[in-house]
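J.: Handing you a structure now.
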Amino acid sequence: MTVTADASLHGPPSDAGLTELLRASVRAALATRVNKLRISLPARPTTALARCTWWKSLNPGQARAAALLDHLETLCGHLDGHPALGLNPEDPIPVAALEAAEGFTSAPVAVLIRSYRAARTG
């Protein structure tokens with residue numbers, strides 16, 4: 007999602023508007039990272055036994071990428087309304103999602119992230 011010049015004409019978005027705009031942008035950044043990681047790894051099986059064997063077959067770099075993939079998928083799920091274990095189900099954009107998106111968004115989205123964090127810390 008891209009913030010356009012029109013947004014600056016209407017002033018800053020409301021808290022709810024900022025949250026929704028940012029959630030979509032963070033979700034898109036995380037989804038892009040997820041897709042890149044999936045491509046870089048061998049196909050991941052769906053059954054528990056096959057997944058265990060798959061994990062054991064990975065080299066250390068692939069294992070780190072697979073762990074990151076699991077983490078990012080969990081964050082994407084949370085942003086889609088499927089609360090993740092260890093995260094507040096009422097938190098629309100967890101700090102972990104913001105951190106995972108940093109450096110993978112456009113400059114306008116980075117500004118939104120800073121604004122959102124400032125609003126959260128009050």
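When we follow my numbering, the leftmost residue of the sequence shown carries the number 7, and every step to the right adds one.
Each residue gets a CB set at the ideal place from its N, CA and C atoms; glycine is no exception.
#1: Cutting at 6 Å between CB atoms, please list the residues of its own chain near L75, excluding the five before and the five after it.
#2: Would you report the Cα separation of R120 and L55, rounded to the nearest angstrom?
#3: Just to confirm the assignment, what range does the alpha helix (DSSP H) spanning H88 have?
#4: Between which two residues does the alpha helix (DSSP H) containing S112 stretch?
#5: For V1, tell me which candidate among A113, L78, S112 has the shortest Cα-Cα distance.
#6: Let me know if V117 comes out buried or exposed under the rule of 16 or more other beta-carbons within 10 Å of its beta-carbon.
#7: Is it true that the CB of R33 sits closer than 8 Å to the CB of C82?
#8: Assuming the contact rule is C-beta atoms closer than 8 Å, P51 and R57 should be a hit. Round their C-beta distance to whole Å, please.
#9: What three-state label does DSSP hand D76 in the structure shown?
#10: How far does the alpha helix (DSSP H) with T52 in it extend, from its first residue to its last?
#11: Under DSSP, the alpha helix (DSSP H) around E105 begins and ends at which residues?
T.: Let me spell this out:
#1: L43
#2: 43 Å
#3: Neither: H88 is in no alpha helix (DSSP H) and is coded neither H nor E.
#4: Taken as a continuous stretch (DSSP letters only), S112 belongs to no alpha helix (DSSP H), as it is neither H nor E.
#5: Nothing can be reported for residue 1: it is not among the residues displayed for the chain, which extend from 7 to 128.
#6: exposed
#7: yes
#8: 5 Å
#9: helix
#10: Where T52 is concerned, there is no enclosing alpha helix (DSSP H), given that its DSSP letter is neither H nor E.
#11: 101-107
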